[in-house]
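To start, the structure under review is shown below, and the notes come after it.
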Amino acid sequence: MNDAEPQGLSPEDYATLCGFLRDRTGLSFTEAKRYFVDRRVAARMQAVGATDLRAYMNLLRFQASGEELQRLVNLMTVNETYFFREKYQFDCLVNSVLDELVRGRPKGSRLRIWSAGCATGEEPYSIAIMLLESWGRVDDYEIELLGSDIDSAVLERAREGIYDERALQGLPAHLRAKYFQSLRGTAVAGGPRWQIVEELRESVDFSLVNIADPQQVRAFRGIDVIFCRNLLIYFDDLGRREAASMFHDALAPGGFVCLGHSESMSRMSSLFVPRRFPDAILYQKPMDGGVP
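In this text, residue positions in the sequence shown follow the UniProt record's numbering: the first is 1, and each later residue adds one.
Right, here's the structure in full:
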């Protein structure tokens with residue numbers, strides 16, 4: 001291919017590619033996203049020397065390593081977030097949900113919290129900070145924090161735990177001083193950056209997971225709380241229902257799902273019971289594990 005402006009995919013090619021991505025990743029791209037998709041696919045085709053979409057699709061389908069599919073997915077996903085985003089849901093976790101979950105459990109038992117679609121890690125690290133700062137029983141239980149994303153590049157950034165001022169905009173100064181180290185003394189382009197302290201970085205287990213792949217999510221079982229905020233808006237209706245079913249399987253009986261403020265489980269699935277807390281509405285798997 002040459003360096004000319006890409007002509008874009010034909011309607012048939014666009015439908016083929018979007019169907020493939022939906023089947024493999026759960027991500028759904030409408031006609032409104034055509035320019036976005038065209039540009040990114042053209043860039044990857046040029047990078048690998050594919051002369052037409054058929055050749056590129058063969059690479060995506062049959063490459064044993066899956067490396068090119070991962071690179072395309074990394075280009076297709078948007079990962080804009082910051083610390084304590086929609087903080088009222090974290091407040092709900094430490095003010096209401098955790099106490100309910102541990103009722104009747106002996107000290108030392110395990111609590112599992114999963115941030116699905118964690119991007120660069122602000123969400124699971126925010127949960128960790130909230131637990132340490134605001135839940136008085138944090139030392140009484142073995143807490144396992146899990147973060148997953150389909151984008152390998154953002155997961156590397158999450159593990160590094162390095163953030164700019166924008167990501168920390170909602171973080172009170174005393175928490176920044178307590179849980180972050182300034183990198184001001186290093187030669188960094190784009191302004192000052194901060195790294196989350198090592199103890200907090202080690203408290204989150206990050207992994208590359210495609211939640212549309214049942215094989216990959218099978219390892220997530222016995223989860224007490226799932227945060228999946230503003231991820232399912234990129235799925236179509238069928239993908240959302242499939243994700244809801246997967247969350248139901250992953251949760252322990254009585255476990256909760258926390259969605260983004262514009263999302264509603266009732267429009268996706270009847271598997272969950274909506275629970276209204278003082279701080280937020282969450283969705284609970286029935287205690288008997290069945291359908292409400």
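The C-beta atom is built at its ideal place from N, Cα and C for all residues, glycine as well. Owing to the predicted nature of the structure, the values given are computational and were not obtained by experimental measurement.
| query | For Val197, does the count of other Cβ atoms within 10 angstroms reach 16, so buried, or fall short, so exposed? | reply | Counting from one through the sequence shown, the residue named residue 197 turns up at place 197. Result: exposed.
Handout entry: Buried/exposed call for Glu156, threshold 16 Cβ in 10 Å
Key = Your numbering for residue 156 matches position 156 in the sequence shown. With fewer than 16 neighbouring CB atoms inside 10 Å of its own CB, Glu156 falls in the exposed class.
key: Three-state secondary structure (DSSP) of Asp205   = Translated into positions along the sequence shown, residue 205 becomes position 205. Asp205 carries a strand assignment under DSSP once its states are collapsed to helix, strand and coil.
Of the choices Arg103, Ala116, Cys18, whose alpha-carbon is the least far from that of Glu31? Reading the sequence shown from its first residue, position 31 is the one you call residue 31. Measuring from the Cα of Glu31, the nearest candidate turns out to be Cys18.
* My understanding is that Arg112 touches Leu146, with C-beta atoms under 8 Å, so please give their C-beta distance in whole angstroms. => By one-based count along the sequence shown, residue 112 stands at place 112. By one-based count along the sequence shown, residue 146 stands at place 146. Cβ-Cβ separation between Arg112 and Leu146: approximately 7 Å, consistent with a contact (criterion under 8 Å).
Of all the options Met57, Gln89, Cys92, Val257, which has the alpha carbon lying nearest to the alpha carbon of Gly222?
Locating residue 222 in the sequence shown gives position 222, counting from the first residue. Ranking Met57, Gln89, Cys92, Val257 by Cα distance to Gly222 puts Val257 first.
Quick one, which of Tyr179, Arg159, Thr120, Tyr163 has its alpha-carbon nearest Leu131's?
-> Taking the sequence shown and counting its residues from 1, one reaches residue 131 at position 131. If we check each option's Cα against that of Leu131, Tyr179 comes out closest.
Identify, in the order they occur along the chain, each residue of the same chain with its Cβ nearer than 7 Å to the Cβ of Cys92, setting aside the five sequence neighbours on each side.
-> Numbered from 1 along the sequence shown, position 92 holds the residue referred to as residue 92. The residues are Phe277, Asp279, Ala280, Leu282.
Could you check what DSSP says for Ile113 in three-state terms: helix, strand or coil?
By 1-based counting over the sequence shown, the position of residue 113 is 113. Under the three-state reduction of DSSP output, Ile113 falls in the strand class.
**Asked** Where in the segment 223 to 253 do unbroken runs of the beta strand (DSSP E), each at least 3 residues long, occur, reported from the N-terminal end onward?
**Response** 223 to 228
Practice prompt. With DSSP as the reference, label Tyr163 as helix, strand or coil.
Written response: For this step, residue 163 is matched to residue 163 along the sequence shown. In the structure shown, Tyr163 sits in a strand (DSSP, three-state: E or B).
Between Ser264, Met287, Asp213, Phe227, which lies nearest to Phe90 when the distance is taken from Cα to Cα?
Walking along the sequence shown from the start, residue 90 turns up at place 90. Of the candidates Ser264, Met287, Asp213, Phe227, the one whose C-alpha sits nearest the C-alpha of Phe90 is Phe227.
query = So what does DSSP say about Arg24, is it helix, strand or coil?
reply = Taking the first residue of the sequence shown as position 1, residue 24 is located at position 24. In this structure, Arg24 counts as helix in the three-state DSSP scheme.
Is the Cβ-Cβ distance between Val41 and Leu72 less than 9 Å? In the sequence shown, residue 41 corresponds to position 41, counting from 1. In the sequence shown, residue 72 corresponds to position 72, counting from 1. Yes. Within cutoff.
* To do: Alpha carbon to alpha carbon, how far is Ser266 from Phe247? Give it in angstroms, no decimals.
  => On the sequence shown, residue 247 is found 247 positions in, with the first residue counted as 1. On the sequence shown, residue 266 is found 266 positions in, with the first residue counted as 1. Taking the straight line from one Cα to the other gives about 14 Å.
Next item on the list: Taking only the alpha-carbon atoms, compute the straight-line gap between Leu200 and Ser126 and give it to the nearest angstrom.
Entry: Taking the first residue of the sequence shown as position 1, residue 200 is located at position 200. Taking the first residue of the sequence shown as position 1, residue 126 is located at position 126. Looking at the two C-alpha atoms, the distance is approximately 10 Å.
Quick check: what's the CA-CA separation for Ser205 versus Asn58? To locate residue 205, count along the sequence shown from 1; it is residue 205. To locate residue 58, count along the sequence shown from 1; it is residue 58. A quick correction: the sequence has Asp, not Ser, at residue 205. In a straight line, the C-alpha of Asp205 is about 34 Å away from that of Asn58.
**Message:** Using a 10 Å radius around the Cβ and a threshold of 16 neighbouring Cβ atoms, would you call Pro124 buried or exposed?
**Reply:** As a working note, residue 124 is residue 124 in the sequence shown. Buried.
- Message: Per the DSSP calculation, Phe180 is bridged to which residue(s)?
- Response: By one-based count along the sequence shown, residue 180 stands at place 180. The secondary-structure analysis by DSSP pairs Phe180 across a beta bridge with Ile196.
| message | Please report the straight-line C-alpha distance between Gly255 and Asn230, rounded to a whole angstrom. | response | Residue numbering aside, residue 255 sits at position 255 when the sequence shown is read from its first letter. Residue numbering aside, residue 230 sits at position 230 when the sequence shown is read from its first letter. Straight-line Cα distance between these residues: approximately 19 Å.
From the DSSP output, in three-state form, read off Ser266 for me. For the purposes of this step, residue 266 is taken as the residue at position 266 of the sequence shown. Note: Ser266 maps to helix in three-state DSSP.
Select from Asp52, Ser262, Leu101 the residue whose C-alpha is nearest the C-alpha of Met287.
Residue numbering aside, residue 287 sits at position 287 when the sequence shown is read from its first letter. Of the candidates Asp52, Ser262, Leu101, the one whose C-alpha sits nearest the C-alpha of Met287 is Leu101.
Exercise. Rounded to a whole number of angstroms, what is the C-alpha to C-alpha distance between Ile143 and Asp213?
Worked result: On the sequence shown, residue 143 is found 143 positions in, with the first residue counted as 1. On the sequence shown, residue 213 is found 213 positions in, with the first residue counted as 1. Taking the straight line joining both Cα atoms gives about 26 Å.
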